[in-house]
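Position one of the sequence shown corresponds to residue -18 (my numbering), numbered consecutively onward. For each residue, glycine too, the CB sits at the ideal point set by N, CA and C.
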Amino acid sequence: MEGLKRVAPGAGQESVWDYPRPPRLEPEKDRVRILFNNVTIADTHKAFRVLETSHPPVYYIPPKDIKMEYVKPAPGSSFCEWKGRASYWSVDVNGKRADKVGWSYEQPTASFMPLAHHIAFYCGAMDACYVGNEKAQPQPGNFYGGWITSKVVGPFKGEPGTLGW
C-alpha cells in the first residue's frame, strides 16, 4: 500500500483493508439490481458478495434472478487461485451489446461452492448497479470487478499506484 494511506471506516462502514486473504464469501443482505440499456437485467435479494483485502465487494447473482435472455456465454476463461476457472458472459439488450462484462464459476472450489453458476458483472460496463437503494461505482482500473458504495472505504486496488499490491 505504498504511497496510499488506509482510510479509517466511519460508523456503518467497512475498510477493505479489514477484508481477509484468502477472500471470504458471504450472503448479501441488501437487494442487488443491475440496469443495462434501460432494462433491469438482474434483481435479487439472494446475492453473495466476495470480500478480499484491498478490493471493494464483488456481487454474484443467482441465474434465476437474471434475465438470461439478455446474457450469453462469451469465449475465453481465466483462473482464480481461490475460486477456480471462470467463464465469461456478454450482455445484449435491444441492440446495445457489451462483451465479456460478466463472469461465473461453474465448478468453483469447495470454499466457494455456493457461487456455482452465479454471475458477477462489471459495474462500469452497466448503466447502473445498485446495492440497496445506493448506486454503486466501479472499482478503479479495467481488471477488477468490485462495486464501491458509501459502506466501504479504501484505498482500493486498481487506483493509480496500486499495481504492485
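Residue i classed as buried or exposed, judged by whether at least 16 other C-beta atoms fall within 10 angstroms
| i | result |
| --- | --- |
| D80 | exposed |
| M94 | exposed |
| F60 | exposed |
| H36 | buried |
| K10 | exposed |
| G142 | exposed |
Separation of residue j from residue i, as counted between CA atoms
| i | j | result |
| --- | --- | --- |
| P89 | G57 | 17 Å |
| D46 | H98 | 12 Å |
| R(-13) | L32 | 17 Å |
| N2 | T34 | The residue asked about is misnamed: residue 2 is Arg in this sequence, not Asn. C-alpha separation (whole angstroms): 6 Å. |
| Q120 | V(-3) | 12 Å |
| E(-5) | S71 | 31 Å |
| D(-1) | A55 | 34 Å |
| R14 | I42 | 9 Å |
| V82 | L(-15) | 29 Å |
| K53 | S68 | 11 Å |
| K138 | A101 | 18 Å |
| T130 | G105 | 13 Å |
| S92 | T25 | 22 Å |
| L6 | E87 | 16 Å |
| G122 | E140 | 7 Å |
| A136 | P44 | It should be pointed out that residue 136 corresponds to Pro in this sequence rather than to Ala. About 31 Å. |
| A109 | K132 | 17 Å |
| Y111 | R12 | 8 Å |
Pick from the options that is closest to residue i, judged by C-alpha positions
| i | options | result |
| --- | --- | --- |
| A117 | Y103, F124 and T143 | Y103 |
| R66 | Y111, W84, V52 and K53 | W84 |
| Y125 | T25, V39 and G113 | V39 |
| M49 | P141, P8, A23 and G113 | A23 |
| A(-8) | N123, W146 and V134 | V134 |
| G113 | A28, W63 and Y86 | A28 |
| P8 | A(-11), P44 and L96 | L96 |
| R30 | P136, E140, W128 and W146 | W128 |
| M107 | Y51, K132 and E62 | Y51 |
| K64 | C110, Y111, P4 and N123 | P4 |
Item checked: contact_flag[the segment 67 to 87, the segment 13 to 29] where n(CB pairs < 8 Å) is 3 or more -> yes
Margin query: Could you tell me which whole beta strand (DSSP E) segments of length 3 or greater appear in the segment 50 to 133?
Written below: 52 to 61, 65 to 74, 77 to 85, 100 to 102 and 109 to 112
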